[in-house]
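Numbered by my numbering, the letters in the sequence shown go through residues 1 to 88 in order.
Cβ coordinates follow ideal geometry from the N, Cα and C atoms, glycine included.
This one's a predicted model, so the numbers in the text were calculated from it and none came from an experiment.
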Amino acid sequence: MLIYPAQPLTTLTPDRVADITTSVRKGQSRHAYEAYKKHKAEMATAATEYLKVAGQRDELLIALEALSAACDTGERDRDGKQSGVVIP
């Protein structure tokens with residue numbers, strides 16, 4: 001027998017209550033479920049941030065290679081490293 005109150009006893013939305021109920025049925029605690037959701041959101045944010053930074057890294061590397069090529073005089077030392085630089 002289930003008793004339902006006339007007014008909700010929690011400020012959680014019905015969707016959140018359903019999610020928590022499902023996690024409890026799977027044997028998880030509510031706190032473990034909340035920690036899992038927080039961690040999952042943090043991972044998604046980190047993945048998005050990584051893609052953004054990786055794109056910036058690639059753009060900067062291309063710009064650096066172009067600048068290096070523009071400044072290269074062709075002069076090399078004994079080790080084959082660039083020794084002459086022209087500032088455009």
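Which of helix, strand or coil does DSSP assign to Asp72?
strand
Looking at the secondary structure, which residues open and close the alpha helix (DSSP H) in which Pro14 lies?
Pro14 to Arg25
C-alpha gap between Ala63 and Ala46, whole angstroms:
25 Å
Among Ile20, Ala6 and Glu75, which residue has its Cα nearest to the Cα of Arg30?
Ile20
DSSP-derived helix/strand/coil call for Gln82
Here Gln82 carries a strand assignment [DSSP, helix/strand/coil].
Short Cβ contact (8 Å threshold) for Arg76 with Ser68
no
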